[in-house]
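Residue numbers (my numbering): 2 to 269.
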């Protein structure tokens with residue numbers, strides 16, 4: 002995987018010293034070529050705290066890529082998910098926004114009341130809609146973003162996409178789970194309902210849902226396989242076209258997601 006500079010080159014047919022020297026320097030320099038990478042940090046008025054986003058690429062479809070449970074903005078880089086799609090980044094096909102999460106202040110914060118966990122997530126949703134998405138749209142010139150994520154990041158990607166379908170062109174969820182009630186100790190209110198895709202999606206008739214390109218990735222040994230089949234069933238009932246991608250001989254882990262992500266970007 003990689004851009005053309007890292008691809009295997011044909012044997013040098015000419016022994017011309019100038020040609021040989023240029024080829025040698027070209028190959029040597031290619032080892033040090035990396036993706037365009039930028040860290041943005043700003044104070045979020047919605048979150049009342051500083052937030053960081055790691056951005057890869059210079060142009061293309063804007064992808065908001067969420068981390069896994071309580072993950073940080075650098076997680077998808079550290080676990081080589083970004084490397085798996087380097088060709089798409091370097092070629093200007095996509096620009097990826099690796100956003101920070103606030104899961105430890107919301108869904109995973111057992112020190113506050115469940116109602117406050119949901120409220121904190123709603124502030125995160127507002128941050129995405131009012132701050133990050135406009136930034137991504139402005140930098141790329143696209144009118145909609147793509148949302149993507151692995152594991153709990155798949156929940157974030159799907160929840161945002163289904164809540165705001167006018168803002169999202171594609172959804173790529175990898176091993177996501179879509180019922181958030183397990184994080185709330187039995188608590189349930191209207192805010193829970195509207196952040197629980199398996200609850201609010203069946204009655205949502207926004208026409209933009211039928212325009213969205215949706216991929217639900219899972220595997221036969223994935224602990225979230227049933228969650229994806231359940232969501233796929235809801236989409237089928239609504240006649241919303243989507244791809245339920247169930248991979249063989251794979252687990253709920255990064256090797257699976259590193260194989261999936263480039264396949265999904267190839268659909269763009």
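Glycine included, C-beta positions come from ideal geometry on N, C-alpha and C. Quick caveat, the model's predicted, so the values are computed rather than measured.
Considering only residues of the same chain and omitting the five flanking positions on each side of residue 184, which have a CB-CB separation below 6 Å?
-> Within the same chain, residue 184 has close Cβ partners 108.
Since I believe residue 100 is in contact with residue 69 (beta carbons under 8 Å), could you give me their beta-carbon distance rounded to a whole number of angstroms?
-> Not a contact, Cβ separation roughly 12 Å.
State whether the segment 208 to 220 contacts the segment 166 to 180, with contact taken as three or more CB pairs (one from each stretch) at a distance under 8 Å.
yes
Inset, instruction - Take the Cβ of residue 87 as the centre, count every other Cβ of all protein chains shown within 10 Å, and call the residue buried at 16 or more, exposed below. - result: buried
> Sorted by chain position, which residues of the same chain lie with C-beta nearer than 8 Å to residue 263's C-beta, five sequence neighbours on each side aside?
Replying inline: Spatial neighbours of residue 263 in its own chain (CB-CB distance under 8 Å, excluding positions within 5 residues in sequence) are listed in chain order as 2, 85, 86, 88, 89.
Handout entry: residue 261 to residue 218 span [Cα, whole Å]
Key = 7 Å
Open item on the list: Please classify residue 49 as buried or exposed, where buried requires at least 16 other C-beta atoms within 10 Å of its C-beta.
Closed with: exposed
Next on the checklist: Using only CA atoms, which one of 112, 251, 36 lies nearest to residue 78?
Outcome noted: 36
Checklist line | Strand pairing of residue 220, partner residues [DSSP] | finding: 248
request  = Note down, in chain order, each residue of its chain lying with its Cβ closer than 6 Å to the Cβ of residue 228, except the 5 sequence neighbours on either side.
outcome  = 178, 179
Q: On a CA-only basis, which of 252, 123, 58 is nearest residue 47? Give me that one, please.
A: 123
State the start and end residues of the unbroken alpha helix (DSSP H) segment that holds residue 227. 226 to 238
### Task
Compare the beta carbon distance of residue 203 and residue 235 with 8 Å and say whether it is the shorter of the two.
yes
request  = With a threshold of 16 other CB atoms inside 10 Å of the CB of residue 176, please say whether the residue is buried or exposed.
outcome  = buried
Closest Cα partner of residue 114 within the set 201, 257, 251, 187 = 187
Q | the segment 56 to 74 / the segment 137 to 148 touching (three or more Cβ pairs under 8 Å) | A | yes
Beta-carbon proximity list for residue 75, same chain, < 8 Å, skipping 5 on both sides: Only 55, 99 meet the Cβ criterion.
Exercise for the section: In angstroms with no decimal places, state the Cα-to-Cα distance between residue 151 and residue 258. Expected result: 7 Å
How far does the beta strand (DSSP E) with residue 67 in it extend, from its first residue to its last? Annotation for residue 67: the continuous beta strand (DSSP E) segment containing it runs 62 to 67.
query = I think residue 116 touches residue 190, with their Cβ atoms under 8 Å apart; what is that distance to the nearest whole Å?
reply = Between the beta-carbon of residue 116 and that of residue 190 there is about 6 Å, and that keeps the pair under the 8 Å contact cut.
Problem set entry | residue 251 and residue 220 closer than 8 Å at C-beta | yes
- Message: Considering just the uninterrupted stretch of the beta strand (DSSP E) at residue 44, what are its terminal residues?
- Response: 38 to 45
Sequence-distant residues of its chain with Cβ nearer than 7 Å to residue 165 (five each side left out) = 130
Checklist entry - By the 10 Å Cβ neighbour count, where 16 or more other Cβ atoms means buried, how is residue 156 classified, buried or exposed? => result buried
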